[in-house]
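Novice:
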Amino acid sequence: MRTKAYAKINLFLDVVGKREDGYHLLDMVMVPIDTFDTLSIEPAENVVMECDRYYIPTDGRNTVIKAYELMRDRYSIKDSHAIRLVKNIPAQAGMAGGSADAAAMIRLLNDEYRLGLTVEQMMEIAISVGADVPFCVLNQSARVSGIGEVIEPFERKLNAYMILIKPKFGISTPALFKSFAFDNKTQTASIDSMIEALTTDNYPLFISSIYNRLQQEAVKQFPELQKMIDLLLSLGFDAAAMTGSGSVIYGVTQDENVVNQAVKALVYKFPYVKKTRML
Numbered sequence: 066m067r068t069k070a071y072a073k074i075n076l077f078l079d080v081v082g083k084r085e086d087g088y089h090l091l092d093m094v095m096v097p098i099d100t101f102d103t104l105s106i107e108p109a110e111n112v113v114m115e116c117d118r119y120y121i122p123t124d125g126r127n128t129v130i131k132a133y134e135l136m137r138d139r140y141s142i143k144d145s146h147a148i149r150l151v152k153n154i155p156a157q158a159g160m161a162g163g164s165a166d167a168a169a170m171i172r173l174l175n176d177e178y179r180l181g182l183t184v185e186q187m188m189e190i191a192i193s194v195g196a197d198v199p200f201c202v203l204n205q206s207a208r209v210s211g212i213g214e215v216i217e218p219f220e221r222k223l224n225a226y227m228i229l230i231k232p233k234f235g236i237s238t239p240a241l242f243k244s245f246a247f248d249n250k251t252q253t254a255s256i257d258s259m260i261e262a263l264t265t266d267n268y269p270l271f272i273s274s275i276y277n278r279l280q281q282e283a284v285k286q287f288p289e290l291q292k293m294i295d296l297l298l299s300l301g302f303d304a305a306a307m308t309g310s311g312s313v314i315y316g317v318t319q320d321e322n323v324v325n326q327a328v329k330a331l332v333y334k335f336p337y338v339k340k341t342r343m344l
């Protein structure tokens, strides 16, 4: 049995507080995109996982195994499986690759064993695996707040093409949040304007509402990110920004030719260059 695990992009990200346990409170707009890993399972004598990328752990450190063991324990699944993961979503990129894979495992086991779980029930299980996993289970445009557990989906009418580019380095999410300062706010747009733009197909408002509060701190530590943003703007994209905690930079346009030409220009300049679109 096989399924796709779709990545996400943050179109808006604000850090609004910090809990006593150290977790930062966020207010975000996230959309799934047509870039995905592929996860498959088949019956086996023992639980074994393999991945086509050597640097991805295939033991209990992997969110796929965490989700798998959680579902087995909760629903008394006695069978064992061979798990195969084919990666297209880069690590340490801000695209929820590990979370998407975990969400895919929850959905796979729900379907395989006809558990009849609703999306809401699967999302409740997902938060035990990781903050972005409930959104990846939903796989729909949404406002996401708290540490990722409060999700308000909405119907998006606006569509756009994107290019994704990743430098040679990744960014550790815990490390970036550790250095984050609340006095760095330079926000001009609001999350309400972003949601209005997406739900009413207002492209100019959408472009002016793109925001990531973590980007300023990331650029301070990794100046190359700003050069990548400026490069995409010079290639004709209407906006460019970092997704999540990085290090992927995305460019947005409604002109498919702009993306196609940019991919040709950049494919040999960065280790990861991908054309995609909002789902």
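Heads up: the sequence shown begins at 66 in my numbering, then just goes up one per residue. Glycine included, each C-beta is placed from N, C-alpha and C at the ideal position.
On the criterion of 16 or more Cβ atoms from any shown chain inside 10 Å, does V94 qualify as buried, or is it exposed?
Specialist: Counting of Cβ neighbours within 10 angstroms places V94 among the buried residues, the total reaching 16 or more.
Novice: Have a look at L296 and V284 and give me their C-alpha separation to the nearest angstrom.
Specialist: Each residue's alpha carbon lies about 14 Å from the other.
Novice: Using a Cβ-Cβ cutoff of less than 6 Å, which residues in the same chain neighbour S210 once the five nearest sequence positions on both sides are dropped?
Specialist: Here the set comprises D92.
Novice: Please report the residue range of the alpha helix (DSSP H) in which E303 lies.
Specialist: Inspection of the sequence shows that residue 303 is occupied by Asp rather than by Glu. D303 -> no alpha helix (DSSP H), and no H or E assigned at all.
Novice: Tell me the rounded alpha-carbon separation between G181 and K222.
Specialist: Between G181 and K222, the C-alpha separation is close to 30 Å.
Novice: Give me, in chain order, the residues of the same chain whose beta-carbon lies closer than 6 Å to that of V332; leave out the 5 immediate sequence neighbours on both sides.
Specialist: V338
Novice: My output table needs one value for S164: the three-state DSSP class, helix, strand or coil.
Specialist: DSSP places S164 within a helical segment (H, G or I) once states are collapsed to three.
Novice: Using the Cα positions of N75 and G125, report the straight-line distance between them to the nearest angstrom.
Specialist: 28 Å
Novice: Under 8 Å, with one C-beta from each stretch per pair, do the segment 77 to 90 and the segment 137 to 148 reach the 3-pair mark?
Specialist: no
Novice: Could you give the distance in angstroms between the alpha-carbon of D197 and the alpha-carbon of V323?
Specialist: Spanning the two alpha carbons is a distance of roughly 30 Å.
Novice: Quick one: what does DSSP say Y140 is sitting in, helix, strand or coil?
Specialist: The answer is coil: DSSP assigns Y140 none of H, G, I, E or B.
Novice: Indicate the three-state DSSP secondary structure (helix, strand or coil) for F335 in the structure shown.
Specialist: Residue state, collapsed to three classes: coil.
Novice: Of the residues Y178, V81, E177, R172, which one's Cα is nearest the Cα of Q186?
Specialist: Among Y178, V81, E177, R172, the Cα nearest to that of Q186 is on R172.
Novice: Name the DSSP beta bridge partners of A207, please?
Specialist: M95, P218
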